[in-house]
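Protein chains in written order, with our numbering: chain A, 1014 to 1355; chain B, 1014 to 1355. Some notes on the structure that comes next.
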DNA sequence: TTTTATTATGCAATCGGTTGCATTGGTTTT
DNA sequence: AAAACCAATGCAACCGATTGCATAATAAAA
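Written out as structure tokens, the structure is:
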């Protein structure tokens, strides 16, 4: 195998010291411009590549950011990751990505791995059932910056990057009410998680503003999965008094529910109107097209990594920023429109 | 900040040498069992964590596998990555993931980054427009194992992990023919890529076996995106003689096409039958449910990383294995069924 | 008891950059 | 001409784990 070129090779060929070569390659101001040019040219010529391990070892930095998400293969998360990767790549940072698969146990294992990998910072969207903060303490103790995004850990004192979920829930529900629907069921996920509890708050507020009585039996907690959508449809079919609208906290679940409802001879929006959440591409390709709340997933990923890198570089203090809220918005399509029955 | 514990700390506290500590922690056979227990206990007690940078520097290994994919946020790719992450995580390897965004230029930049990050191995699914192998040469020269998956680089001598795309294309088309459809349009992606050219071969074979004349104008090359699906629908609408079936190389595109056709008063499968590819969840939640070819994305990701790690550990020789083919299968749903028009 | 194995541990060099603190040679100031 | 200063470079000690080779300690064989 071809021998690796080091700064020592460059140094000896140019009759310089390794120190000078190192400084030149890092564009240190104390080095003469001409010398820099010389060294860079020689480095290029020899096919030199810096050894990150030697460098990291000495600098005690890893240039690596850890990311823990519930799942990688959901539209939202894969898009968040795509945004993260883009920024990290541009800034010369590496990402170590792992998935908790919605289990706190796995999430704890992942944080341990991240800790041992000595990530410079950690970005987390917590699992459904996480209720302990314990496994994040080592990071705080070692002053390793920790940022939550999407599903945050409330009361943690860590910076958060979120959308205004309450506003999203409010707008979705308000829209349904404005369309004339009154008996609205809310399909959501584990209410431990801010994203779902906040949307529920928005739902409740919209109801209350319009003088509609909130009934807790109209809030159905599910896994928001494809299967959950099917079950919801069957449950609705069996209901003696059917709702006139659904507000579902995930497009994929909403869409699966709509499909199953159709199989059960309940049509959307004629019999039941539906609003989803996320603006997953799937929302545009079904019939009727799904009204939803746009979720700025890519921007969230970009923002998370940008904030982290800025903080690591000392550009701004994360402690000061507590929460960054990104813009989300209602997208009205066919699934929620009141049609006059001719 | 809390000071980091090193093997030297453990060594001095136990009156041993760092060498012994290092060996003990790595379970070296020459170390006495009792000593190992002692050292492990002390390591635990002090909260020792190994410094991967020192270790990698010395061992000249990175324990890191690079992954380059066209996009992260497609169902297939995010699922492949999920599978990769699972195995890599279990085996103590890190993944560096980057996306080429379907551009050869970006792919080249990514390979450079991977090369400079000194990944131990590289897994690649190539971009739409990649036609040069040049940027992979440095890896071969340095004998860094390179494995292609899904979209492979043909005639590269590198191991490949794929499904039998020709078989998939054949089965999809054959199924349509068996349903009585004869004028089948094939919607596909850039034919430079094996996945598309092979499926086309299967399509052609199925036609020829049934004595149906292959017409090149029945093969439409598109981006297979959501937008592409819409365009296809409009193009079909404008056709004087309409096809009776479509074989689309991506579910998302197929589904988007179906939705648009519906808007244009062409119903599926009554007017036109459709078969997709991938078994994307979206295929189950639309109406009619989409017939498709199941793509074992998670298994592919797992297999890719497993093969790579096995090779890196010297368990088996990659050069011997040239191609690993995973099982795919036709899933018949409603979108392709011939309905007798009552 | 001396010699030969066997087992367990230590020594010290090494991996390749980085960086605080000299040092050198030249220029400017007094 | 001596003193003060500055710009550019070098010296050498790190960072923390690994590993070939030597050595010590103990057991087994002669």
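Glycine included, each C-beta is placed from N, C-alpha and C at the ideal position. It should be emphasised that the depicted structure is a prediction, and the values quoted were computed from it without experimental measurement.
Assigned secondary structure, residue i (DSSP; H/G/I helix, E/B strand, else coil)
i                      : result
residue 1108 (chain B) : strand
residue 1247 (chain A) : helix
residue 1351 (chain B) : coil
residue 1146 (chain B) : coil
residue 1134 (chain A) : strand
residue 1339 (chain A) : strand
residue 1052 (chain B) : helix
residue 1278 (chain A) : coil
residue 1033 (chain B) : helix
residue 1190 (chain A) : helix
residue 1151 (chain A) : helix
residue 1014 (chain B) : The pLDDT assigned to residue 1014 (chain B) is 43, lower than 50, so where the model puts this residue is not dependable; a value taken from the coordinates is nonetheless given after this. Looking at residue 1014 (chain B) - three-state DSSP - the assignment turns out to be coil, as it is neither helix nor strand.
residue 1045 (chain B) : coil
residue 1101 (chain A) : helix
residue 1219 (chain B) : helix
residue 1167 (chain A) : coil
residue 1027 (chain A) : helix
residue 1019 (chain A) : coil
residue 1060 (chain B) : coil
residue 1207 (chain B) : helix
residue 1040 (chain B) : coil
residue 1179 (chain A) : helix
residue 1241 (chain A) : helix
residue 1139 (chain B) : coil
Proximal residues of chain B, C-beta to C-beta of residue i below 9 Å
i                      : result
residue 1088 (chain A) : 1086, 1088, 1091
residue 1356 (chain A) : As shown, chain A starts at 1014 and ends at 1355. That puts residue 1356 (chain A) outside it, with no answer to give.
residue 1129 (chain A) : 1062, 1063, 1065
residue 1265 (chain A) : 1294, 1295, 1298
Strand pairing of residue i, partner residues [DSSP]
i                      : result
residue 1258 (chain A) : A:1197, A:1286
residue 1162 (chain A) : A:1174
residue 1234 (chain A) : A:1201
residue 1344 (chain A) : A:1305
Under 8 Å from the C-beta of residue i: neighbouring residues of chain B
i                      : result
residue 1309 (chain A) : Correct list: empty, because the minimum Cβ distance to chain B is about 13 Å.
residue 1108 (chain A) : 1109, 1110
residue 1095 (chain A) : 1084, 1085, 1086, 1112
Contacts that residue i makes with chain A (C-beta to C-beta distance below 8 Å)
i                      : result
residue 1070 (chain B) : 1064, 1066, 1067, 1070
residue 1272 (chain B) : 1297, 1298, 1299, 1300, 1302
Contacts that residue i makes with chain B (C-beta to C-beta distance below 7 Å)
i                      : result
residue 1275 (chain A) : 1300
residue 1040 (chain A) : Correct list: empty, because the minimum Cβ distance to chain B is about 17 Å.
residue 1024 (chain A) : Residues of chain B passing the Cβ test: none, with the nearest at roughly 19 Å.
Contact set between residue i and chain A, taken where Cβ atoms lie within less than 7 Å
i                      : result
residue 1136 (chain B) : Residues of chain A passing the Cβ test: none, with the nearest at roughly 14 Å.
residue 1098 (chain B) : 1085, 1110, 1111, 1112
residue 1237 (chain B) : Here the premise fails: no neighbours, minimum Cβ distance about 13 Å.
Residue i: CB within 7 Å of a non-hydrogen atom of the ligand MN
i                      : result
residue 1076 (chain B) : Ligands displayed in this structure: none; no statement on the ligand MN is therefore possible.
Partners in chain A for residue i, counting only beta-carbon separations shorter than 9 Å
i                      : result
residue 1102 (chain B) : 1111, 1112, 1122, 1123, 1126
Practice task
Pair every Cβ in the region 1310-1325 of chain A with every Cβ in the region 1132-1139 of chain A, then say whether three or more of these pairs are closer than 8 Å.
Solution key: yes
Practice task
Would you mind listing the alpha helix (DSSP H) stretches within the region 1287-1336 of chain B that are 4+ residues and don't spill past its ends, in chain order?
Solution key: 1295-1298, 1310-1325
Exercise for the section: Output the residue ranges of the alpha helix (DSSP H) runs that lie fully inside the region 1065-1097 of chain A and measure 4 residues or longer, sorted by chain position. Expected result: 1065-1072
Practice task
Determine contact between the region 1199-1213 of chain A and the region 1161-1168 of chain A, defined as no fewer than three beta-carbon pairs at a distance below 8 Å.
Solution key: yes
Problem - Stretch-stretch touch, CB-based, cutoff 8 Å, three pairs: the region 1073-1088 of chain B with the region 1272-1286 of chain B - result: Taking a cut-off of 8 Å on C-beta distances, the region 1073-1088 of chain B does not touch the region 1272-1286 of chain B, as fewer than three cross pairs fall below it.
Practice task
State whether the region 1268-1276 of chain B contacts the region 1036-1056 of chain B, with contact taken as three or more CB pairs (one from each stretch) at a distance under 8 Å.
Solution key: no
Exercise for the section: Would you check if there are 3 or more beta carbon pairs closer than 8 Å linking the region 1101-1111 of chain A to the region 1119-1128 of chain A? Expected result: yes
Handout entry: Given 8 Å, three or more beta-carbon pairs between the region 1336-1348 of chain A and the region 1304-1312 of chain A
Key = Touching, per the Cβ criterion.
Practice task
State whether the region 1187-1202 of chain B contacts the region 1231-1239 of chain B, with contact taken as three or more CB pairs (one from each stretch) at a distance under 8 Å.
Solution key: Three or more Cβ pairs drawn from the region 1187-1202 of chain B and the region 1231-1239 of chain B lie within less than 8 Å of each other, which places the two stretches in contact.
Practice task
Could you tell me whether the region 1064-1078 of chain B touches the region 1063-1070 of chain A, where touching means 3 or more Cβ pairs closer than 8 Å?
Solution key: yes
Practice task
Flag this pair as touching only if the region 1289-1300 of chain A and the region 1258-1266 of chain A have three or more C-beta atom pairs under 8 Å; answer yes or no.
Solution key: yes
Exercise for the section: Taking 8 Å as the threshold, find out whether the region 1219-1227 of chain B comes into contact with the region 1245-1252 of chain B through three or more Cβ pairs. Expected result: no
Handout entry: Touch test, the region 1141-1149 of chain A against the region 1173-1190 of chain A, Cβ-Cβ under 8 Å, three pairs minimum
Key = Too few Cβ pairs lie closer than 8 Å, so no.
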